[in-house]
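Working notes, beginning with the structure itself.
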Amino acid sequence: MMNLHTLLAATDLTAPSHFTAQRAAMLAQQIGARLEFVHVLDKRELAELQRLLGDTLKERIQSQSLELLKKLANDVGEPLSISAGCHLVEGKILESITKQVDAFDANLLIIGARGIDSILQQFLGTTAERLLRMIQCPVLTVKLYPRKPYQSVLVPIDFSSWSLGAIHLAQSVAPQAKLTLLHAYEPPFEAQMHIAGEKKEEIQNYRDKVFQEAKTSLYQTAEDARITTNWHPIVIHGNAVQRILEQEKERGADLIILGKHGLGMVEELLLGSNARQVLIHAQCDVLIANR
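In C-alpha cells, the structure reads:
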C-alpha cells in the first residue's frame with residue numbers, strides 16, 4: 126500500500142465541483158490524510174478586469190472566491206469531521222496546480238470531470254502534456270457523485286512495474302473494494318500469421334499459448350502485490366480500451382486505475398493514447414498512477 130498523507134483537490138467552484146470536493150473529503154477521512162483545496166483565478170483575466178473596472182471589483186472577486194471555497198470545504202468536510210485548508214492562487218490554471226502539488230508535497234491530485242470549463246478538459250489539452258509529465262503524484266478524475274467509498278475497482282495491467290504501482294494505489298484508496306485485475310491481450314504476430322495463410326488451428330494454438338502465459342503472469346502479479354482475497358482475475362483477447370470499457374459496465378466499476386506507462390501508453394498520456402480514451406469515455410472515476 127502507498128502512504129497517501131496529503132490530498133490536493135483542485136476546484137473551479139462550479140456546482141459540479143462538489144463531486145470532486147465530496148470525494149476528496151471522503152478519501153481524506155477514509156485514509157486519514159491531510160486535505161487541501163485550491164482554486165485558481167486566471168491572472169490575465171483579473172488583470173484585464175482591473176484595467177477596465179479598477180481595483181474594487183477585482184478585490185471583490187478575490188474575496189467572494191475565497192469565501193465560496195471555504196464554504197465548499199466546510200459543506201463537505203463538516204459532516205465527516207474533516208478540516209481542510211483553502212488556498213486561492215492567481216496564475217495559469219495548469220502551472221498553478223502543478224506548483225501547489227509541489228508546495229504541499231501532495232500524494233494525490235483530485236480534479237473534476239464535469240462543468241463547462243472543467244479542469245479535466247484543461248488537462249486533456251495539448252499544452253498540458255509537459256505539465257502532466259512533471260506531476261509525479263497520481264491524478265484522480267472524479268466523474269460520479271460519491272455516495273460511498275469505492276466498492277468495485279478495475280485495474281488494467283500489462284505486467285510492467287507500473288502494474289504493481291497501480292495495484293498498490295488501489296489498495297490505498299479503496300482497501301475494502303472488490304478488485305478486478307484485467308489483462309487484455311492481442312498476440313503480436315497473429316496478424317502476420319493470417320497474412321501468411323497459417324491454418325486456423327495453428328493460429329488458435331498460438332493464441333491459447335499467449336493466453337496461458339498471460340494468465341500465469343496475472344496470478345504472479347497478484348501474488349507479488351500480496352492480494353489474497355476479494356479479487357477477480359480477467360484475461361481476455363481484444364483491444365485494451367474496448368475491453369476496459371466493457372468490463373467497467375459488466376463489473377459495475379466505480380473506479381478505474383491506470384498505470385501511466387501501462388497499455389503501451391509510454392509518455393503520451395494525453396494525445397490519442399489509451400489513457401486519454403479511457404478518461405473521455407469511462408463513466409466512472411479514473412485514477413492515473415503516475416509512479
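The sequence shown begins at 126 in the working numbering and counts up by one.
Every residue gets a Cβ at the ideal spot worked out from N, C-alpha and C, and that includes glycine.
Values in this document were obtained by computation on a predicted structure and should not be read as measured data.
Alpha carbon of residue i to alpha carbon of residue j, nearest angstrom
| i | j | result |
| --- | --- | --- |
| residue 158 | residue 274 | 15 Å |
| residue 282 | residue 379 | 17 Å |
| residue 201 | residue 150 | 6 Å |
| residue 266 | residue 173 | 31 Å |
| residue 335 | residue 296 | 28 Å |
| residue 131 | residue 308 | 31 Å |
| residue 384 | residue 182 | 44 Å |
| residue 377 | residue 269 | 13 Å |
| residue 219 | residue 136 | 12 Å |
| residue 423 | residue 359 | Past the boundaries of the shown model lies residue 423; the chain is included only from 126 to 416, so the question cannot be answered. |
| residue 409 | residue 330 | 36 Å |
| residue 313 | residue 362 | 12 Å |
| residue 184 | residue 211 | 17 Å |
| residue 226 | residue 133 | 7 Å |
| residue 260 | residue 325 | 47 Å |
| residue 207 | residue 199 | 8 Å |
| residue 224 | residue 354 | 39 Å |
| residue 197 | residue 338 | 50 Å |
| residue 300 | residue 351 | 13 Å |
| residue 317 | residue 364 | 17 Å |
| residue 298 | residue 357 | 18 Å |
| residue 328 | residue 368 | 21 Å |
| residue 205 | residue 154 | 7 Å |
| residue 271 | residue 152 | 10 Å |
| residue 366 | residue 288 | 16 Å |
| residue 216 | residue 167 | 5 Å |
Secondary structure of residue i, DSSP reduced to three states
| i | result |
| --- | --- |
| residue 351 | coil |
| residue 414 | strand |
| residue 136 | coil |
| residue 342 | helix |
| residue 195 | helix |
| residue 129 | coil |
| residue 167 | strand |
| residue 404 | helix |
| residue 361 | strand |
| residue 260 | coil |
| residue 269 | coil |
Exposed unless 16 or more other CB atoms sit within 10 angstroms - verdict on residue i
| i | result |
| --- | --- |
| residue 263 | buried |
| residue 405 | exposed |
| residue 310 | buried |
| residue 232 | buried |
| residue 447 | The first residue shown for the chain is 126 and the last is 416, placing residue 447 beyond what the model contains. |
| residue 305 | buried |
| residue 399 | buried |
| residue 286 | exposed |
| residue 140 | exposed |
* Asked: Enumerated in chain order, which unbroken segments of the beta strand (DSSP E) with a length of 3 residues or greater are wholly contained in the segment 198 to 245?
  -> 210 to 216, 233 to 237
* Mind the definition here: the segment 144 to 155 touches the segment 223 to 241 only if three or more C-beta pairs lie below 8 Å; say whether that holds. => yes
* Tell me, please, whether the segment 330 to 345 touches the segment 367 to 384 by the rule of three or more beta-carbon pairs shorter than 8 Å. => Cβ pair count under 8 Å is below three, so no.
* Unbroken stretches of the alpha helix (DSSP H), 4 residues or longer, contained in the segment 279 to 311 -> 286 to 298
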